[in-house]
Structure formats: C-alpha cells, structure tokens
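Numbering (my numbering), first residue to last: 1 to 125. Virtual Cβ for every residue (Gly too), placed ideally from N, Cα, C.
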Amino acid sequence: MEPARKRKITQIHSEYAQYENEVQVKTNTKRNYLKNRLIALVVIMTIITVPMLVMMNNQDAKIASQLKEKEAMEEKLVTLKKEQKQLQQEVIKLNDNEYIAELARRDLFLSSEGEKVFITPPSSN
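And the structure:
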C-alpha cells in the first residue's frame, strides 16, 4: 500500500475568496456567540431549577410527615372525646345519691341502718 499523498492546494487570492472568507469568519463568530449564549442560558437555568427541585422535595417530605402527625392527632382526638364522654357520664352518676350509696355499699362495705353485710370470698372459677 502506498502512503497517503499530501496534496498542496494553492489558495486563490481574489476579492471573492476574501469576501467568502470574511463571511465564513462572521458566520463562525455568530455561531460561537450563539453557542456560548445557549451554554450560559442552560447553566443559569440549571442553577435556578436545581435548588427549586430540592426545595420541592423537602416540602413534600415535610407535608408527608405532617399528614402522618395529623392522622395520629385525629386518632388521639377521637379517643380523648370518648374518654370525655365517659367522664361526663361518671360525673352525672356521681351527682346521683343512689349511685353514691351503691358505691359505698360495694366498695366500702357500708350499710344503711338495719342491714347486715356478709362478705364472701371470691370464687376461684
């Protein structure tokens, strides 16, 4: 195989060739300018969008944790409302004299006049 030959091409030094050369230089300069502008725009947009995406991700995580906390608090609220109803019913009962007498007989083994109290051991069943 023969080595590749180097050809020497002589350039034409005419006005037209100079004009075309200048046009090509201007076109290349414009292309480089536009390319640099595009690169700068992409860099600026990246600098703006990346922190925004990070913030959105953090906010989503916060919202998710706050929703879990809200659900837990709602469950706690339901149990506390049930407890409040139960306590209100107990307060109503404690204002009743018959209920107080029944508690005294059952828990304190008190009796009214003429009554006898028999205490039996609890059954093992």
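Contiguous beta strand (DSSP E) assignments of at least 3 residues, all confined to the stretch 2–63: none
Which of helix, strand or coil DSSP assigns to D107: helix
Span separating the alpha-carbon of N97 from that of T120: 26 Å
Through-space distance from T46 to M52, alpha-carbon basis: 10 Å
Backbone CA spacing between S65 and K76 [nearest angstrom]: 17 Å
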